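See below for the structure under consideration.
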Amino acid sequence: MAESAGEKPADERPKWDNKVQYMLTCIGFAVGLGNVWRFPYLCQIYGGGAFLIPYLIALVFEGLPLLYLELAIGQRLRLGSIGVWNSISPYLGGVGMASMIVSFLVGVYYNTILAWVLWYLFHSFQNPLPWSECPVNDDRTGYVQECVDSTPVNYFWYRQTLNVTANIETSGSLQWWLVLCLATAWCIVYICFIKGIETIGKAVYVTATFPYLVLTIFIVRALTLPGATDGILYLFTPEWEILMKPQVWLDAATQIFFSLSLAFGGLIAFSSYNPQKNDCERDAVIVGCINSATSIYASIPIFAILGFKATSNYNSCLESNILSLTNSFDVGDQNITIENYNSWLDSLNRTDSVSVARLNLTKCNLQTFLDQSASGTGLAFIVFTEAVISMPGSQVWAVLFFIMLFSLGLSSMFGNLEGVLAPLRDLKVVPKWMPPQLFTAFIALLSFLVGLVFTMGSGNYWLEIFNNYVGSVSLLIIAFFELVGVIGFRGIRQFGDDIEFMTGRRPNLFWKACWLVISPLLLLVVFLAYIVVQVQTTPTYPAWNPDYVDFPQTEVQPYPTWVFVICVLLVAIPVAPIPIVALYKCISNLFRTTETDVQNRPSNPYCNEGFDKDT
150 MAESAGEKPA DERPKWDNKV QYMLTCIGFA VGLGNVWRFP YLCQIYGGGA FLIPYLIALV
210 FEGLPLLYLE LAIGQRLRLG SIGVWNSISP YLGGVGMASM IVSFLVGVYY NTILAWVLWY
270 LFHSFQNPLP WSECPVNDDR TGYVQECVDS TPVNYFWYRQ TLNVTANIET SGSLQWWLVL
330 CLATAWCIVY ICFIKGIETI GKAVYVTATF PYLVLTIFIV RALTLPGATD GILYLFTPEW
390 EILMKPQVWL DAATQIFFSL SLAFGGLIAF SSYNPQKNDC ERDAVIVGCI NSATSIYASI
450 PIFAILGFKA TSNYNSCLES NILSLTNSFD VGDQNITIEN YNSWLDSLNR TDSVSVARLN
510 LTKCNLQTFL DQSASGTGLA FIVFTEAVIS MPGSQVWAVL FFIMLFSLGL SSMFGNLEGV
570 LAPLRDLKVV PKWMPPQLFT AFIALLSFLV GLVFTMGSGN YWLEIFNNYV GSVSLLIIAF
630 FELVGVIGFR GIRQFGDDIE FMTGRRPNLF WKACWLVISP LLLLVVFLAY IVVQVQTTPT
690 YPAWNPDYVD FPQTEVQPYP TWVFVICVLL VAIPVAPIPI VALYKCISNL FRTTETDVQN
750 RPSNPYCNEG FDKDT
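Numbering (our numbering), first residue to last: 150 to 764.
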């Protein structure tokens with residue numbers, strides 16, 4: 150088969166040292182922080198095991214087909230995202246630019262999370278852990294009041310780590326410790342990336358495998374904790390009626406989509422370093438299944454530990470009530486214990502209910518403590534750190550946990566950075582006099598400077614905005630046009646020929662049905678559902694305000710108008726190149742067209758320069 154337009158000879162493209170490096174890199178890119186702190190949360194709030202049904206349906210009909218498409222087209226054309234779509238049609242160049250912009254913006258804020266992880270990792274070696282007790286106030290007459298009013302864990306996160314402002318409109322200053330951690334995180338990423346896939350391939354042996362070792366250690370330890378069984382049962386006990394809610398299916402579809410890191414361009418870039426005779430179908434199935442299995446695997450230790458935390462809180466609640474009862478009633482020689490608390494309380498209510506009522510005992514319910522869900526930074530930096538305090542050898546478990554998070558995030562950063570560098574190299578925007586290592590350093594430095602906004606007092610609020618709007622609907626739009634590009638422009642027949650050339654067999658009916666109908670339809674449904682949900686709700690954010698009347702509860706505030714405008718821009722700007730480039734190409738061709746060109750050009754209603762006649 151003749152090579153398609155825009156392909157490079159095989160010897161001009163770098164190659165992976167072996168297949169293991171490639172697979173580990175793709176798995177590391179797909180398996181990220183979301184598998185640990187987003188998937189368990191969705192399982193918890195959406196009926197436990199019942200959530201797996203829409204999740205697996207989305208994996209089969211949305212995630213795997215798009216993953217297969219990206220790996221296949223990158224491997225066949227051996228180019229980055231911009232090069233791939235320009236090769237298929239000049240009118241699709243904006244799709245690659247959109248992926249590159251999203252990868253850059255996501256990488257900028259994603260590495261800030263790694264900076265937070267480093268900060269906690271540095272402090273995890275202290276004994277006792279710094280978030281286990283409140284600091285003394287300036288007058289040394291007691292503890293800091295903000296810490297007393299909340300908890301040591303919350304105080305360490307919001308004040309000693311973020312030094313967060315009371316709202317997003319108050320920027321605050323740069324926090325020097327976060328600036329240093331962010332610089333360290335970018336230096337580590339750069340060192341791993343200094344020679345491209347040559348050094349990435351070596352780094353992933355550690356970054357992609359170490360999290361599984363830590364998760365296994367955590368599973369063994371967590372299952373021995375009191376209350377672990379309650380946490381796991383709570384996670385996987387199905388509530389089938391919750392499947393009737395449309396929001397469950399929407400979140401399942403978006404979770405599998407973003408979990409696989411689709412539409413970022415990184416997977417296209419990684420697969421472009423493969424030999425063309427490689428079974429990309431098998432690779433897609435393996436990467437997709439390992440990613441989803443990891444999400445389930447990570448949920449076990451997470452919820453075993455959360456069950457331990459809930460049980461500890463429940464027992465503390467009972468002990469507080471027992472102390473009140475013991476001080477107020479003569480219980481004789483018998484002791485009120487956690488085991489006989491309920492029977493004692495029933496007995497006292499029958500004999501002296503008025504006195505019991507005056508004590509205002511706390512209602513202790515294990516289910517209530519298990520219902521206290523958290524995701525994202527709340528799970529990693531608040532809920533989990535609080536649970537670790539009560540575990541024997543807490544420093545060891547804290548160190549392991551944050552090293553695991555850093556490894557997960559570092560592997561994902563490889564994909565984000567490659568999604569920026571590979572397209573720029575293919576566009577030949579790198580000056581000839583500039584070594585590749587220097588250009589990589591320039592991109593890392595630029596990302597670091599932009600990321601300084603997240604180290605300000607209001608940085609956490611801005612990071613949540615970027616997380617919610619940059620890597621959301623824009624990726625759905627990019628993925629939709631990827632399907633349009635491969636199936637509509639390159640053509641299902643030509644794409645089938647490409648796959649047969651690489652794997653020795655043509656795609657089966659399932660893959661074709663997904664690419665032609667099912668996957669585009671699912672993307673449209675998820676996109677429309679997302680828009681409907683956004684229109685019906687007022688965007689708000691939780692602010693940490695010590696002056697709030699219900700403090701230490703976070704104060705839910707609406708976004709100011711100017712911030713909401715920025716939210717809209719963060720969705721629109723990444724995808725703007727798609728129509729702009731297509732329109733520019735069409736207008737340029739109209740101005741260049743002569744009467745002879747019009748007569749000789751094949752009739753096509755789609756401005757189809759770049760089409761293969763066989764398409």
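All C-beta atoms, glycine included, are put in the ideal place defined by N, C-alpha and C.
Since the model is a prediction, treat every value here as computed from it, not as a measurement.
CA-CA distance, residue i and residue j?
i, j, result
"GLN170", "VAL569", "20 Å"
"GLY155", "LYS577", "Caution applies to GLY155, whose pLDDT of 39 falls short of 50 and renders its modelled position unreliable; the model cannot decide the point."
"TYR354", "ALA725", "37 Å"
"VAL730", "TYR240", "6 Å"
"ASN167", "ILE391", "45 Å"
"GLU282", "SER473", "24 Å"
"ILE405", "ALA315", "34 Å"
"TYR339", "GLN425", "29 Å"
"PRO203", "LEU213", "14 Å"
"VAL255", "SER248", "10 Å"
"ASN509", "SER469", "11 Å"
"VAL251", "ASN286", "44 Å"
"ARG225", "ALA418", "11 Å"
"GLY759", "GLU631", "Its pLDDT being 41, under 50, GLY759 is placed unreliably by the model, and the measurement read from it follows with that caveat. Going by the C-alpha atoms only, they are around 16 Å apart."
"THR764", "GLY637", "Summary for THR764: the model assigns pLDDT 36, below 50, so the residue's position carries little reliability, and this model does not support an answer."
"CYS513", "SER320", "40 Å"
"TRP165", "ARG431", "17 Å"
"LEU671", "PRO701", "41 Å"
"LEU270", "TRP280", "12 Å"
"GLY242", "MET583", "25 Å"
"VAL266", "TYR304", "16 Å"
In terms of alpha-carbon separation, which member of the options lies closest to residue i?
i, options, result
"GLY376", "LEU311, GLN425, ALA536, ARG162", "ALA536"
"ILE552", "TRP326, GLN224, TRP234, ALA264", "ALA264"
"HIS272", "TRP546, LEU218, PHE367, ARG639", "TRP546"
"ASP647", "ILE538, PHE555, GLU219", "GLU219"
"GLY414", "GLY223, ASN616, TYR618", "GLY223"
"ILE237", "TRP389, GLN643, THR486", "GLN643"
"SER465", "PHE478, LEU515, LEU311, SER502", "LEU515"
"ASP699", "GLU295, LYS344, LEU632, TYR733", "GLU295"
"PHE550", "ASN491, PHE274, ILE381, ILE435", "PHE274"
"VAL257", "PRO284, LEU598, ASN489", "LEU598"
"GLY197", "MET651, SER461, ASP379", "ASP379"
"LEU329", "THR386, THR261, TRP306", "THR261"
"ALA459", "ILE206, THR500, ILE381, SER496", "ILE381"
"PRO585", "GLU567, LEU601, PRO541", "GLU567"
"MET562", "LEU416, LEU658, ARG499, PRO691", "LEU416"
"THR386", "CYS735, CYS336, ILE194", "ILE194"
"ASP520", "TYR190, ASN491, ALA179", "TYR190"
"THR475", "SER461, TYR490, ASN462, TYR463", "TYR490"
"ASN575", "LEU374, GLU211, ARG227, VAL185", "The question names Asn, yet the displayed sequence has Asp at residue 575. Nearest C-alpha to ASP575: ARG227."
Measure the Cβ-Cβ separation of residue i and residue j and say whether it is below 8 Å.
i, j, result
"ILE614", "VAL244", "no"
"PHE603", "LEU612", "yes"
"SER596", "VAL720", "no"
"GLY558", "LEU216", "no"
"PRO723", "TYR422", "no"
"TRP234", "GLY634", "yes"
"VAL532", "LEU455", "yes"
"TRP268", "LEU327", "yes"
"TRP306", "PHE659", "no"
"SER504", "SER477", "yes"
"VAL302", "THR534", "yes"
"PHE188", "SER410", "no"
"PHE543", "LEU372", "Checking the sequence, you will find Ser at residue 543 rather than Phe. Going by C-beta atoms, SER543 is not nearer than 8 Å to LEU372."
Under the assumption that residue i contacts residue j (Cβ atoms under 8 Å), give the Cβ distance between them as a whole number of angstroms.
i, j, result
"GLU318", "PRO707", "That pair is no contact at about 12 Å."
"SER790", "ASN440", "For residue 790 there is no data in the structure shown, the boundaries of the chain being 150 and 764."
"PHE452", "LEU384", "4 Å"
"PHE342", "THR333", "With a Cβ gap of about 15 Å, PHE342 and THR333 do not count as contacting."
"ILE176", "ALA442", "With a Cβ gap of about 11 Å, ILE176 and ALA442 do not count as contacting."
"LEU208", "GLY437", "6 Å"
"VAL705", "THR686", "Contact flag wrong, Cβ pair sits at about 12 Å."
"LEU399", "ALA199", "Incorrect: roughly 15 Å between the Cβ atoms, too far for contact."
"SER230", "PRO728", "Going by Cβ atoms, the distance from SER230 to PRO728 rounds to 17 Å, so no, they are not a contact pair."
"CYS429", "THR174", "The pair is not a contact, with the Cβ atoms about 14 Å apart (cut-off 8 Å)."
**Request:** Determine, using beta-carbon pairs with one atom in the segment 433 to 452 and one in the segment 356 to 370, whether at least three such pairs fall under 8 Å.
**Result:** yes
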